[in-house]
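Under my numbering, think of the first position of the sequence shown as 1335, with each following residue one higher.
Where a beta carbon is used, it is the ideal one built from N, C-alpha and C, also for glycine.
Values in this document were obtained by computation on a predicted structure and should not be read as measured data.
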Amino acid sequence: MTSIAIVGAGPSGCFTAQALGKALPDAVIDILDALPVPYGLVRYGVAPDHQGTKAVIRQFERLFERQGVAFFGHVRLGEDVTLDQLTGIYDAVVLATGLSTDRKLGVRGDDLPGVWGSGAVTRCWNDYPDAAAPVIGKQVVIVGNGNVAADLVRILAKRDGEFHGSDLSEANIAALKAASVGRIDVVGRSPAEQAKFDPVMIREIGRLEDARIHVHGLTGEGKIIEALAAIDGHAPEGACREIHFHFGWTPEEIEGETHVTAARFRQGNARLVLPCDTVLTAIGFDGDRPACDEGGAIGPGLYAVGWFKRGPRGTIPENRSDAQALAARIASDLGDAGGKPGRAALAALVPDAVTYEQWQRIDAAEKADCPVGRVRRKITTKARMLAIAHQSGDK
């Protein structure tokens, strides 16, 4: 019987398990993750007020509840188990670990206190275990013209009541309220017609109850131009915040000595200096990626998928087609090969791994402790997660 391990329980890993289950219906498939909980980017990288996007988790649950896939949580590659050990006990190993390091601006001052990457901010807002909390000031500059930048704008500018139905914690809402953001400038290199915003995301910003919106440098035509033009001048009565969109400006320097004081941009011979106490970058992610062929093969029996394979490009649904292509490749490569011990051998190597049933205890605890108007209260430390997972004396 063929045994396959997938390292990474985020969308790429789960989509790959789905596709492998169809391509190799008799295979035994296990998913490992460094965290005690599954779902990776969906749980910790999607904006907490976009529960519709997070709903993909429901189809991933079927992998573990109906399709025989096993979850091994709190298993750290290189610490609890090595890659050599995995390739020794599985017929195929798929690395679906993604990329999580925020790309630097690459300008003077980009390491000053007050500069935060979108990944770090979003993880904090999603209560990633033991994550550092960014300190947000009153004047925020967001660098980036894509959907992640739109997420940042929306979360920063919402009133408390606009988070109904989200999983943004009371602590994070209190921190946002304390920050009392007064102005948000969104700046991107591209002209407006080349901005990567989804028009739906722009229209959502246009429904904010406490923000006056100004769009600068609006040229060209197309759906994104129409969406931006529609929100320009949005001014609800009594709004306390301002949002400004700027297009075609290249970052030149983050000013400040001990903390951010301004962000400087250039456009030809022109300069734009925006006073600020916080800079949030939404320009993508970096990380070490493997040398693999176009199909995702790193070496015999070892593969890469998702962002770890192709870089930080594409949405969650786009990872499905990548996973399907890899599953077909693995099925072709393996043929009738098989026979490695897989699951039983891994269980012996990591006897304290968190099982899917134990994850369900964590899930139930988060939902049971849910504040009014929220879908869950996430547990924010690994220690507490593990205590709940291993309650009742098992392991």
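Below 8 Å, too few C-beta pairs join the region 1631–1644 and the region 1474–1481 to call them touching: fewer than three. For Asp1418, the closest C-alpha among the options Phe1619, Pro1634 and Ala1717 is that of Pro1634. As the crow flies, the alpha-carbon of Asp1532 is around 34 Å from that of Ala1698.
DSSP places Gln1401 in the coil class of the three-state scheme, outside both helix and strand. In the DSSP assignment, the residues bridged to Thr1615 are Gly1451 and Val1477. Assigned with DSSP and collapsed to three states, Ala1465 falls in coil, not helix or strand.
In this structure, the CA atom of Met1535 is about 24 Å from the CA atom of Leu1608. Under the three-state reduction of DSSP, Phe1531 is assigned to coil, being neither helix nor strand. In chain order, Ser1452, Thr1456 and Ala1616 place their CB closer than 8 Å to the CB of Val1482, counting only its own chain and leaving out the 5 sequence neighbours on each side.
Where Phe1642 is concerned, the enclosing alpha helix (DSSP H) starts and stops at Trp1641 to Arg1644. Cβ neighbours of Asp1436 within its own chain (closer than 7 Å, five residues either side excluded): Gly1451, Ser1452, Gly1453, Ala1454, Thr1615 and Phe1619.
The Cβ atoms of Phe1394 and Trp1693 lie no closer than 8 Å to each other. No Cβ-Cβ contact shorter than 8 Å links Gln1385 with Gly1355. Comparing alpha-carbon positions, the option among Arg1710, Arg1663, His1408 and Asp1494 lying closest to Ala1513 turns out to be Asp1494. Using a Cβ distance threshold of 8 Å, Ala1526 and Gly1567 do not count as a contacting pair. Distance from the CA atom of Gly1554 to the CA atom of Ile1518, rounded to whole angstroms, is 24 Å. From the listed residues Leu1433, Asp1364 and Cys1348, the smallest Cα separation to Val1684 is found for Asp1364. When the alpha-carbon of Cys1574 is set against those of Arg1598, Arg1546 and Phe1599, the nearest one is in Arg1546. The beta-bridge partner set that DSSP reports for Phe1406 consists of Leu1366.
Inclusion of Val1441 and Glu1587 in the CB contact set at 8 Å is warranted, their separation being smaller than that value.
Distances from the alpha-carbon of Arg1541 to those of Leu1502, Pro1447, Lys1530 and Ala1561 put Ala1561 closest. A contact is defined here as three or more CB-CB pairs under 8 Å, and the region 1462–1473 fails this definition with respect to the region 1659–1669. Using a Cβ distance threshold of 8 Å, Leu1660 and Val1428 count as a contacting pair. About 5 Å separates the Cβ atoms of Tyr1424 and Gly1676, confirming a contact at the 8 Å cut-off. Here Pro1382 is buried, its C-beta having at least 16 other C-beta atoms within 10 Å. Secondary structure of Arg1575 (DSSP, three-state): strand.
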